[in-house]
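Chemist: Residue numbers (my numbering): 1 to 293. Glycine included, every Cβ here is placed at the ideal spot set by N, Cα and C. Predicted, not measured: the structure shown is a model, and the values here were computed from it.
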């Protein structure tokens with residue numbers, strides 16, 4: 001068995017739900033302002049905020065650990081620990097926001113990730129306390145111990161992202177697996193007015209909405225967690241018609257797939273449409289110079 005395969009045992013351990021579920025519910029009770037939630041998810045910057053902030057927090061702690069190897073540089077190491085502790089608050093807030101919108105198996109790993117990070121922060125507080133009393137070497141020992149625990153926590157965070165797909169854009173593959181050529185998906189007259197419906201183009205599903213003579217189409221799967229957008233409802237946000245993800249409530253503009261509200265930060269995949277002889281045709285929007293497939 002490979003070393004990191006053991007992390008999947010955490011994801012399959014229901015006993016963790018006794019801690020993970022109440023933590024999720026607490027975050028959802030506290031985080032009720034949607035604008036604040038969007039900021040913490042990273043909607044305004046178009047990228048998950050937590051990993052961006054985590055670079056500052058963990059990078060400060062890692063740099064401090066390296067400087068602590070040289071006694072004469074322990075003073076700047078102390079300053080870096082202070083930076084890490086100060087940045088930990090927004091980093092944790094963004095992480096908890098993402099955690100609350102994750103699947104249960106992701107939350108099981110996430111709660112252990114959070115526990116490791118909390119332990120790391122406690123170790124760095126002890127490190128600062130020792131340094132304040134003039135015990136630099138003891139402070140360095142506390143720092144190295146905290147860094148070891150934090151490294152394990154960071155590995156869990158990486159596993160959540162790369163192995164369990166918490167954070168990546170689930171709509172990105174559309175540009176590579178959708179059809180480049182126009183594909184007939186049925187008569188326009190068969191489409192209900194103002195209702196999301198699922199259609200298949202090539203080997204992929206799309207959600208289609210008709211408004212009079214205009215037909216708009218997006219990739220079926222939500223970029224956040226692959227929910228079927230055809231099961232969502234239509235709404236109007238910022239003056240644009242949008243579809244709401246049925247699982248976590250992300251809101252996407254139908255015209256360009258843009259994110260209006262999170263937790264999603266990446267846009268939905270756009271499928272250009274055209275009508276010929278009363279028949280709807282779709283194709284995937286590809287990257288310039290990059291063929292589908």
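Contact between the region 146 to 157 and the region 105 to 115: three or more CB pairs below 8 Å?
Modeler: They touch, by the three-pair rule.
Chemist: DSSP beta-bridge partners for residue 271?
Modeler: Residue 271 is not bridged to any residue.
Chemist: Name the residue from 51, 271 and 124 whose alpha carbon lies nearest to the alpha carbon of residue 65.
Modeler: The option with the nearest alpha carbon to residue 65 is 124.
Chemist: Return the bridge partner residues of residue 210 from the DSSP annotation.
Modeler: Bridge partners of residue 210: 193 and 215.
Chemist: Are the region 272 to 284 and the region 225 to 232 touching, with three or more C-beta to C-beta distances below 8 Å?
Modeler: Not touching, per the Cβ criterion.
Chemist: If I'm right that residue 194 touches residue 254 with Cβ under 8 Å, what's the distance once you round it to whole angstroms?
Modeler: That belief does not hold up - the Cβ atoms of residue 194 and residue 254 are roughly 11 Å apart, past 8 Å.
Chemist: Give me whichever residues DSSP pairs with residue 186 in a beta bridge.
Modeler: DSSP lists 280 as partners of residue 186.
Chemist: Answer with buried or exposed for residue 29, where buried requires no fewer than 16 other C-beta atoms within 10 angstroms of its C-beta.
Modeler: Per the 10 Å Cβ criterion, exposed.
Chemist: At which residues does the beta strand (DSSP E) containing residue 261 begin and terminate?
Modeler: First-last of the beta strand (DSSP E) with residue 261: 259 to 261.
Chemist: Taking only runs of the beta strand (DSSP E) that begin and end inside the region 17 to 86, which ones reach a length of at least 3 residues, in chain order?
Modeler: With a minimum length of 3 residues, no continuous beta strand (DSSP E) run stays inside the region 17 to 86.
Chemist: For the putative contact between residue 219 and residue 266, defined by C-beta atoms under 8 Å, what is the C-beta separation to the nearest angstrom?
Modeler: About 11 Å; that fails the 8 Å criterion.
Chemist: Classify residue 160: buried if its beta carbon has 16 or more other beta carbons within 10 angstroms, exposed otherwise.
Modeler: Classification for residue 160: buried.
Chemist: Give every residue of the same chain whose Cβ lies closer than 8 Å to the Cβ of residue 202, excluding the five residues on either side of it in the sequence, and list them in chain order.
Modeler: Once the five neighbours on either side are set aside, the close Cβ partners of residue 202 are 177, 178, 179, 183 and 284.
Chemist: Here's the rule I'm using: 16 or more other beta-carbon atoms within 10 Å means buried, otherwise exposed. How should residue 213 be labelled?
Modeler: Exposed, by the Cβ-count rule.
Chemist: Answer with buried or exposed for residue 157, where buried requires no fewer than 16 other C-beta atoms within 10 angstroms of its C-beta.
Modeler: Result: buried.
Chemist: What are the start and end residues of each continuous beta strand (DSSP E) run of 3 or more residues lying completely inside the region 119 to 151, in chain order?
Modeler: Listed in chain order, nothing qualifies, since the region 119 to 151 has no complete beta strand (DSSP E) run of 3 or more residues.
Chemist: Does DSSP classify residue 106 as helix, strand or coil?
Modeler: Three-state DSSP puts residue 106 in a helix.
Chemist: Comparing C-alpha positions only, which one of 85, 187 and 44 sits nearest to residue 55?
Modeler: The shortest Cα separation from residue 55 among 85, 187 and 44 belongs to 85.
Chemist: Can you give me the C-alpha to C-alpha distance between residue 172 and residue 89, rounded to a whole angstrom?
Modeler: Straight-line Cα distance between these residues: approximately 31 Å.
Chemist: How about residue 68 and residue 74: do their beta carbons lie closer than 8 Å?
Modeler: Yes, the pair counts as a contact, with Cβ atoms nearer than the cut-off.
Chemist: Nearest CA to the CA of residue 259: which residue from 8, 32 and 38?
Modeler: If we check each option's Cα against that of residue 259, 38 comes out closest.
Chemist: Can you tell me whether residue 142 is buried or exposed? The criterion is at least 16 other CB atoms within 10 Å of its CB, across all chains shown.
Modeler: The residue is buried, with at least 16 neighbouring Cβ atoms inside 10 Å.
Chemist: Quick one: what's residue 240 bridged to in DSSP?
Modeler: DSSP lists 237 as partners of residue 240.
Chemist: So residue 294 packs on residue 31, CB below 8 Å; how close in whole Å?
Modeler: An answer regarding residue 294 cannot be provided, because it is not within the stretch 1 to 293 covered by the chain.
Chemist: Rounded to whole angstroms, how far is the Cβ of residue 208 from the Cβ of residue 217, which I believe are closer than 8 Å?
Modeler: Right, their Cβ atoms sit about 5 Å apart.
Chemist: So, at 8 Å on beta carbons, what are the nonlocal neighbours of residue 105 in its own chain, with the 5 sequence-adjacent residues on each side left out?
Modeler: The residues are 11, 12 and 164.
Chemist: Taking Cβ positions, are residue 248 and residue 101 nearer each other than 8 Å?
Modeler: Their beta carbons are under 8 Å apart, which means residue 248 touches residue 101 by this criterion.
Chemist: Given a threshold of 16 other Cβ atoms within 10 Å of its Cβ, counted over all protein chains shown, does residue 162 qualify as buried or as exposed?
Modeler: Exposed, because fewer than 16 other Cβ atoms sit within 10 Å of the Cβ of residue 162.
Chemist: Return the residue from the list 148, 49, 188 and 72 that minimises the CA-CA distance to residue 273.
Modeler: Cα-wise, what sits closest to residue 273 is 188.
Chemist: Can you grab the Cα-Cα spacing for the pair residue 271 / residue 7, in whole Å?
Modeler: Using only the alpha carbons, I get a separation of about 37 Å.
Chemist: Have a look at 93, 63 and 94 and flag the residue whose alpha-carbon is nearest the alpha-carbon of residue 79.
Modeler: Of the candidates 93, 63 and 94, the one whose C-alpha sits nearest the C-alpha of residue 79 is 63.
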